[in-house]
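Given below as structure tokens:
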């Protein structure tokens, strides 16, 4: 098992390295500057006009709905399944798979890796920003006000900016919009609601949520653009966000179960 794991890991990095070397460095043109400026301005306006106003008692029914749905912003819901599948895929004998089985396992592995990067990296960056800014949470509003910053104070009560839940939701919303473009508007609306629940439960200010959502969404799109450049999972789109490759959702009718795939003993050399 250890030998196969090392071989699969080395082969994966070798394939990625070759694609970086051989494929031209052409990336989709996204108007990042206007979007970034718009997000910053929106967060600034929220800080001026909404952060103070958000300190209030919301309607009990409204608050209850927010309490029920806000846990969906926890990264563990998305990172653990993705990591678990990658561990499974790392023990599969890829050389022993048929063409259809190989396509199914390859697509699932690509999706898992994309989710791990698109959700995990923004989450790590958010942790760093929380430590750097050290903004006091709304629970301390009466003591410190809405704009009290305590850099390098590694305490949860001083980790309001940006919202980690909103960052995760922004990433997940982008992932769903990219993989299922037909439902992109519904995923965006759902993501905005879930991000806003952090305000309604009193965990964050509106500006925290806006920056977090924008950060997660933007970095997930960047991950998709890099994948499109390498030919993994997505294809370039000159007029918008990357599109899923036509083979992404092709699953064979008789795909072998992961447990049976792991049982093979020969080490893989290519995948």
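Numbering (the numbering used here), first residue to last: 7 to 277. The C-beta atom is built at its ideal place from N, Cα and C for all residues, glycine as well. These figures come from a predicted structure and were not determined experimentally.
Express the C-alpha separation of residue j and residue i in angstroms, rounding to a whole number.
i           : j           : result
residue 210 : residue 89  : 29 Å
residue 233 : residue 85  : 18 Å
residue 198 : residue 36  : 21 Å
residue 92  : residue 255 : 18 Å
residue 18  : residue 112 : 11 Å
residue 138 : residue 158 : 6 Å
residue 120 : residue 149 : 42 Å
residue 24  : residue 144 : 49 Å
residue 180 : residue 77  : 18 Å
residue 50  : residue 26  : 38 Å
residue 101 : residue 253 : 20 Å
residue 127 : residue 133 : 10 Å
residue 271 : residue 15  : Here residue 271 scores only 43 on pLDDT, less than 50, and its place in the model is too uncertain to base an answer on.
residue 22  : residue 55  : 47 Å
residue 1   : residue 205 : Not covered by the structure: residue 1. The range shown for the chain is 7 to 277.
residue 43  : residue 71  : 32 Å
residue 48  : residue 194 : 17 Å
residue 9   : residue 59  : 59 Å
residue 67  : residue 40  : 37 Å
Thinking C-beta only, is residue j closer than 9 Å to residue i?
i           : j           : result
residue 82  : residue 207 : no
residue 79  : residue 172 : yes
residue 168 : residue 203 : no
residue 38  : residue 224 : yes
residue 196 : residue 250 : no
residue 136 : residue 170 : yes
residue 63  : residue 152 : no
residue 104 : residue 174 : no
residue 217 : residue 45  : yes
residue 226 : residue 178 : yes
residue 53  : residue 166 : no
residue 29  : residue 235 : yes
residue 183 : residue 108 : no
Among residues of its own chain, excluding the 5 on either side of residue i, which ones have a beta-carbon nearer than 6 Å to its beta-carbon?
i           : result
residue 156 : 140 and 164
residue 201 : 172, 175, 215 and 219
residue 131 : none
residue 142 : 150, 154 and 164
residue 124 : 177, 181, 226 and 229
Would you say residue i reaches chain D, if we count a Cβ-Cβ gap shorter than 9 Å as a contact?
i           : result
residue 161 : Among the chains of the structure shown, chain D does not appear; only one protein chain is present.
Tell me which residues share the same chain as residue i and place their Cβ nearer than 8 Å to its Cβ, disregarding the 5 neighbours each side in the sequence.
i           : result
residue 122 : 85, 88, 89 and 92
residue 147 : 61
For residue i, I'd like the list of residues in its chain whose CB is within less than 7 Å of its CB, leaving aside the five on either flank, ordered along the chain.
i           : result
residue 7   : 97
residue 75  : 200 and 203
residue 160 : 137
Any chance you could list the alpha helix (DSSP H) runs of at least 4 consecutive residues sitting entirely within the stretch 166-251, in chain order?
170-185, 190-206 and 212-236
So, do the stretch 180-196 and the stretch 94-111 have three or more beta carbon pairs nearer to each other than 8 Å?
no
Can you find at least 3 beta carbon pairs, one from the stretch 113-128 and one from the stretch 237-245, that sit closer than 8 Å?
yes
If you scan the stretch 64-115 from start to end, which runs of the alpha helix (DSSP H) of 4 or more residues do you find wholly inside it?
66-75 and 82-95
Those runs of the alpha helix (DSSP H) which lie wholly inside the stretch 19-57 and span at least 4 residues:
38-55
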